[in-house]
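Protein chains in written order, with our numbering: chain A, 3 to 812; chain B, 1177 to 1270; chain C, 653 to 932; chain D, 472 to 852.
By construction, the Cβ of each residue, glycine as well, lies at the ideal position given by its N, Cα and C atoms.
No experiment lies behind these values; they were computed from the predicted model shown.
The structure appears right after this line, and notes come after that.
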Amino acid sequence: MAENQKQQEKEDEPRIGVYVCHCGLNIAGSVDCAEVAKFASTLPHVVLSQDNRYTCSDQGQEGIKKDIKEHKLNRVVVASCSPRLHEPTFRKTCEDAGLNKYLFEMANIREHCSWVHLYDRKAGTEKAKDLVKMAVAKASLLQPAEEIEVPIARRALVIGGGVAGIQAALDLADTGYRVYLVEKEPSIGGMMARIDKTFPTMDCSICILAPKMSDVGHHPNIDLLTNSEVSEVKGYIGNFHVKVLRKPRYVTKDCSACGECTKVCPIITANEFDVGLATRHGIYTPFAQAVPSTYIIDMNLCLNKDGVVVCDKCIKACERQAVNFEMKPQTEEIEVGTIVVATGADVFDPSILPDYGFGKFPNVITSLEFERLINAGGPSGGHLIRPSDEEIPKRVAFIQCVGSRSEKSGKPYCSNVCCMNTIKDSLLIKEHWPDTEIYVFYVDIRAYGKGFEDLYKRAKKQGVVFIRGLPAEIRENKRTHDLWLIGENTLKREIYKTSANMVILSIGLEARKDSEMIQRLLTLSRNQDGFFLEAHPKLRPVDAATGGIFFAGCAESPKDIKDSVTQASAAAARAGILMAKGKVTVEAITPITFPEKCKACGLCVKVCPYNALTLDKDKKKVTVIEAACGGCGTCAAECAFGALTQSHFTDEQIIAQIDAITEKDADKKTVAFCCNWCSYAGADFAGVSRMQYPAHARIIRTMCSGRVSTKFIERAFARGAAAVLVSGCHIGDCHYINANLQTQKRVDRMWKKMEQNGLNKERLQLLWASAAEGEKFATKIRDMQSIVEKVKPEEIEKARQVFAKALEDN
Amino acid sequence: MPEKIRHPPIDKEKVQQAQAEIHLLKDQCKGCGYCIEYCPRKVLEESEEINARGVRPPKVVDNSKCIICSFCTAICPDFAIFVEEKPTRKTKEV
Amino acid sequence: MVLEEVHPFSKYLRAEMMPHIWCPGCGNGIVLNCFVHALDELKYDMDKLVVVSGIGCIGRTAGYINTDSFHTTHGRALAFATGVKLANPELDVVVISGDGDLFAIGGNHFIHAARRNMGIKVLCANNLNYGMTGGQQGPTTPLESLTTTSPYGSIEHPFNLVHLAAASGSTFVARWTTLHVRRLTQSIKKMMQKKGFCFVEVLAQCPEIYGRYNKMRSGLEMMSWFKRASVVENFSDPSKAEISSDKIPVGEFVDIEKLSYERMLHEKISKINEKAMEKV
Amino acid sequence: MLQKLLTGPHFLNGDLACAEGALLAGCRFFAGYPITPATEIAEHLSQRMPELGGIYVQMEDEIASMAAIIGASYSGLKAMTATSGPGFSLMQENIGLAVMTEAPCVIVDVMRGGPSTGQPTMPGQQDVMQAKWGSHGDYGIIALTPASVQEMFDFTIEAFNLSETYRVPTLLMADEIVGHMWEKVVIPSPEKLKIINRKKPQVPPEKYKAFKPDDDLVPPMACFGEGYHFHATGLTHDESGYPKTSSSEVQSELVNRLCQKIEKNAHKIIRYEKTMLDDAEVAVVAYGIVARAALSAVRKARENGIKAGLLRLITIWPFPTEQVAKVAKQTKGIVVPEMNCGQLVREVERAAKETPVTFISKLGEEPHTPMEILNAIEGVN
């Protein structure tokens, strides 16, 4: 579109169109949309205002396009759902109509209003008016902007070599992209490699996995980095700089996996792969089908761990001279455009449940240990033997939901796979030892998937007894090590006391202990159960909120092999789309500088997490490297001279929003600042979950809490706001590396200032809330209700005076 | 693998370490103490007796701890110690 | 259970010469141990082996190994060995001697034997001083070390033997300490199988003299220095392999192939004779 | 190979003759270091050795050269080095080693003017005492003095034979003139030559004692690689070859034997040449190039009616004391011309007892003229 039109958009009087969406009854149910629209029409620069049922519908969008042309709209405001959901939709609409998409603004009157004030139509409507007013105020100051394009490296990093990681890596590699597959363990394969059979088809798990594993091993496009960990991730979508720590194997690629070294190794220990049910040596391969097949030395146990080669038996035994004790940890640096997180899950450790005596009674085992026992390649050669006497049990009991759906174990969620896994296991036993009596104690049997119900029926037909109601306690016969299961059959309403030779605890899946580390490295969010949080549960189920990062497998939530593989292919496809495009546009939210005001103090350079600013002291000039800029705006917040601001989140725009909030009844309101990634999303989450909280808060969205400069807070108080809430991502989870550290500093500074001036610092609240912590956000707003109510007029007045200076800045 | 190990290995009997036979040529020992210091399993310690050279040769504290790495044999400057597998109990093939 | 018995390596040693003369904790015994250990692992044909040594504590080694052996004058082992090797290239000639013998009085012979790439294998026990004569400073004595002839601290810069050997043309250069018995044994095995001039340096503690003078009063203390300071740096730059109190670079630094002197000589001889035959 | 050895008459200089002699004697190892006036020996052997499958190696110095030939000798080859005064001094250390370890080897010293670098291209006889006393400690040694190019050839072979017989380093004490002089040399066909090789042990390795002598005080010699696994050392050692550094018995037994094996066999070792001595009243005792002037001086004296005779020493070490004593008894005076300030003359005086000895010194470019010696003879007369 022509330069001159852009010019026009800049210079012309703003002509704003406002569209208030009913979203069916989602909004209209508790907000009087017509009234809001009517109110909007009274606002300055608004030339058109209407309410409609579904603004996001084609009809709604077409309407906007039409109006832009007919009414020469040069600004558009849609009051509907969260911008995190539909801002892209309406920006596109504007663009289609030839309007720069940065001239669009949204008022979130659903997640932040109608859904959280379901039962107070009046308050809801009033709040919605404010939200629209804020949006209009900001809109009138919006400026068109051109987005810069960043090239996307056509290489992908896959973290985790379980079946999900394997599938994602293969799909990406087959598409023709270079893939780095990083696996912590010495071999890829993950949990699936340890399972005997898969449900419902009863395939031999490793038999179907092994070919995929070796494909990975041989694929020309895949760099397989096993025994390695991602140690650092810098950069942004399309341009991630990743450091991978490659721990030494002490065995070189020359290893032919002949196993001679193992025979002579004097170190014998429990093999983790078999959950310790079999032994391995100090130099070993975790299992026969391991990829890479190269052996590895367990340096924690090796006699040579102190750097002195005390024992050289393996060195001597190795014809290929592949043993090398001089290997040192190496850090490999790779540049990738996309990242697939397939880090998988841990299994629940039932030893924290004393009633089941796991770890105390030898014949109480976990379903994972069972998999190894029943596996032909396992420690017992596929003979189901019980640990105490290695006899084949006659009566076997399975206990479901161990570490699932139980507050007691701190795992309220369903682990998704245990029911079918137990059914499969019971059939395996029946297959080999048909006379075995099998009892399954359950809460509910969830056989929801394709072919699952048939398998369930088969089990019942074959005489597996399903008893509803988990045992309250397991007791052991000290002599025979047989077990008694005592509990209530909740169907028959009677107490049972069943004996068994062996009990298998069907343990659930839980988030990996190290997923917090991954979360920090990649600035991701996790839900309350600790699993990684997708960008949108329905529409973007494999995307992370952070651009260029995708999820596959149990890292995102417990799922079976089929779902993991499906999700992996989806993640690969999503990553592939980005890399196929070859470039991505970054939002035009980078800093704008006003050199004439710059005093060359260099503060902005100091606080920039991306080193995207450089200062020329002599020329008193700060230059911005836009590609490097993450767009947090903390530089703008730091500048005391207004020499720097963030486009699309300019001081004027934010101040306009503050002023809009505080124009009326300021003393009953809270000016809330939320960061786009965590706290704003958290507020959305509260809305989605229909968590109810009082209506005193008005949320101003910034990309990062680091954008919130003290002068915004001061202005809010200067204009008589009852309270101010600043909220952002948890420290360490900041999506702009560590910009929220500045937030902390600034709020501390404000608190000190308020104290010094005899103001109640309670009126300024700081909240760290993740996107998953809707409840935490709601609670905060509830708690602040009392603060808002308690604040006395003289206090308001005092604050007005103390911060009066903040008003001059305009 | 993150799981805690709760049950002893089923095959632990079958992979028994071979028993060591530690030979001390006491009177050749000059008492440097290398074998004692660098034994990875701390099988040896200084004995109370005084040998022909007037030093305290090492003595075996716990034969069962020895895993026959033979580092003592290799580092002894005086050819005063060597270790063999006890012929009676050989390692069973696993 | 504990038994009195015959050491498996005793067959490589001259019974009538045992026990050796070395002090308690002396590294030389370990060097000897590793050498025969290597022979044992190689199942070495002792009829082909000639061990030559010069003067000094380690010089006694020749007398201890049960094979053809010659204990030469101070520093001349390599010159003598050159004669032995050239006169009968079938023999494997190993010179086992000390740092003083090989690099002070014998320095000239060393660099030239290496330069010519004589098929001789040199195993040098470096004890950082002249042990047998009572601990005088030598060509490897570290700066500021105290010895009976540097009572105020040595002001001579020591040789970096690895660098010297590499620069002189050795086809195999390794350095270990007596704590690295396994790697040392492996390097000796490699050396024994190579054709050209080879050099293996072993830092062998002299606790009774050098140690005493330099605050390491026992073999164990010197060993713990080796353990603390050693850094394995295989094939790193020999010129950077200087020994200091806080760093002892060890490893295999050079391993190249180069026609040995005797090989070239005998090829020449046969060529010359072919020509001569043609004339006849 | 043998056809490559020279036979019949040849026109050679002394150094070349020496080299050819060595080859015929069976020498197949030469280690040396260039030095005037012995260099031609090295140069010639560097060409000839390979032709005969032998080894020529140029060492870094004379110390190394000497060490190398001992090594070669222990490897079973007949070995030689050649040098002149300064190099000869450097060799003394390892000559001692060769003596102590009884290594058969030949050292040629083409003597030049000393001390120190002296006169490299001028003749001299200044090393004859060093030849006996040059190395530290007590020992017996053999030294021959050629007077012609033919003798350079003959005595080199002789030196090897003696060295092999008595397991002792044997010295060929030539001089610059003999070394550089060109003369006719007749080389006998190999089969006519008497070549002696060291005696080998007659016992199996386990019985073998490397330094246990036979009745002639010379131990049979095993060589490296023959499976005897023996030890040799420069330290005082017992019959097995093992060091005994603090036993006076072993020391005196060993050192005495090293001296006696030469002394006791002196009568077999010593060679000399008598000319007109039977009725002589004045005797000239000379060796090396000087003997040639002495001969013509003696002849002239006879013409002048003086009963003069010549005792030419071929073996100077062990010194032929008896022969000189015998000559001394029958003459009224002995004339000893040497190209030094009087070295071997001391031995002559020791043997001559009361008989007066006249010494004629000559240093520098030329040996004595017959006239100078004749004057001395007349002086005695």
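Check: Residues bridged to ALA513/A [DSSP beta-bridge criterion]; Outcome: ALA347/A
Check: CB contact check: ASP314/A to chain C, cutoff 8 Å; Outcome: yes
Check: Near-chain A residues of the stretch 881-909 of chain C - C-beta to any C-beta below 8 Å; Outcome: SER882, VAL884, ASN886 and GLY903
Check: Exposure label - LYS494/A; buried when at least 16 CB within 10 Å; Outcome: exposed
Check: 6 Å CB neighbourhood of PRO617/D in its chain, flanking five on each side removed; Outcome: MET623, PHE626, ALA645 and VAL649
Check: Cβ separation of LYS214/A and LEU159/A, assumed to be a contact under 8 Å, to the nearest whole Å; Outcome: That pair is no contact at about 19 Å.
Check: Cβ-based neighbour list, TYR865/C, same chain, cut-off 7 Å, excluding 5 preceding and 5 following; Outcome: GLY787, LEU798 and THR799
Check: Cβ neighbours of ILE628/D in the same chain (closer than 7 Å, five flanking residues each side left out); Outcome: GLY492, LEU495, ALA496 and LEU664
Check: Closest Cα partner of VAL1216/B within the set ILE1243/B, GLN1193/B, CYS1205/B and SER1223/B; Outcome: The question names Val, yet the displayed sequence has Pro at residue 1216/B. Nearest of ILE1243/B, GLN1193/B, CYS1205/B and SER1223/B to PRO1216/B, Cα basis: ILE1243/B.
Check: Length of the line joining the Cα atoms of LYS846/C and GLN1195/B; Outcome: 38 Å
Check: Min CB distance ARG834/C to chain A below 8 Å; Outcome: yes
Check: Selection of the stretch 1197-1226 of chain B by Cβ proximity to chain C, strictly under 7 Å; Outcome: GLU1197, ILE1198, HIS1199, LEU1200, LEU1201, GLN1204, LYS1206, GLY1207, CYS1208, GLY1209, TYR1210 and GLU1213
Check: Chain C contact for ILE1181/B (CB, 8 Å cutoff); Outcome: no
Check: Interface residues of chain A facing CYS1245/B [CB-CB closer than 9 Å]; Outcome: PRO268, LEU305, VAL312, CYS313, ASP314 and LYS315
Check: Sub-8 Å separation of THR438/A and VAL404/A beta-carbons; Outcome: no
Check: Same chain only: Cβ atoms within 8 Å of ALA449/A, ignoring 5 sequence neighbours per side; Outcome: CYS421, MET422, ILE425, GLU455, LEU457 and TYR458
Check: Residue-chain proximity (LEU831/C, chain A), Cβ-Cβ < 8 Å; Outcome: yes
Check: LEU279/A: CB within 7 Å of a non-hydrogen atom of the ligand SAM; Outcome: Looking for the ligand SAM in the displayed structure turns up nothing, as the structure carries no ligands at all.
Check: Bridge partner(s) assigned by DSSP for GLY802/C; Outcome: Looking at the sequence provided, one finds Ser at residue 802/C rather than Gly. Its beta-bridge partners are THR799/C.
Check: Chain A within 8 Å of PRO1178/B, Cβ atoms only; Outcome: yes
Check: Per-residue burial, HIS809/C [other beta carbons within 10 Å of its own, 16 or more giving buried]; Outcome: exposed
Check: CB contact check: THR281/A to chain B, cutoff 8 Å; Outcome: yes
Check: TYR450/A - DSSP class collapsed to helix/strand/coil; Outcome: coil
Check: Interface partners of VAL658/C on chain D, CB under 9 Å; Outcome: Simply none; closest approach about 18 Å.
Check: Interface positions of the stretch 1226-1260 of chain B facing chain A (Cβ-Cβ less than 7 Å), listed along the chain; Outcome: ILE1243, ILE1244, CYS1245 and PHE1247
Check: Within 8 Å, strictly: CB atoms of LEU476/D and PRO659/D; Outcome: no
Check: Residue-chain proximity (HIS689/C, chain G), Cβ-Cβ < 8 Å; Outcome: Going by chain labels, chain G is absent from the structure shown, which instead holds the protein chains A, B, C and D.
Check: Buried versus exposed call for ASN775/D [16 or more other C-beta atoms within 10 Å across all chains shown]; Outcome: exposed
Check: Presumed contact (8 Å Cβ cut-off) between ILE657/A and ARG717/A, rounded CB distance; Outcome: 6 Å
Check: Close beta carbons around SER891/C, own chain, < 6 Å, minus the five adjacent residues each side; Outcome: HIS815
Check: Residues sharing a beta bridge with TRP788/D, DSSP; Outcome: ALA614/D
Check: Residue span of the alpha helix (DSSP H) that contains SER839/C, given as start and end; Outcome: 833-845
Check: Coarse secondary structure for PRO356/A, derived from DSSP in three states; Outcome: helix
Check: Proximity below 8 Å, CB of TYR358/A to CB of PRO352/A; Outcome: yes
Check: Which of helix, strand or coil DSSP assigns to PRO714/D; Outcome: strand
Check: Under the three-state DSSP convention, the category TRP117/A falls into; Outcome: coil
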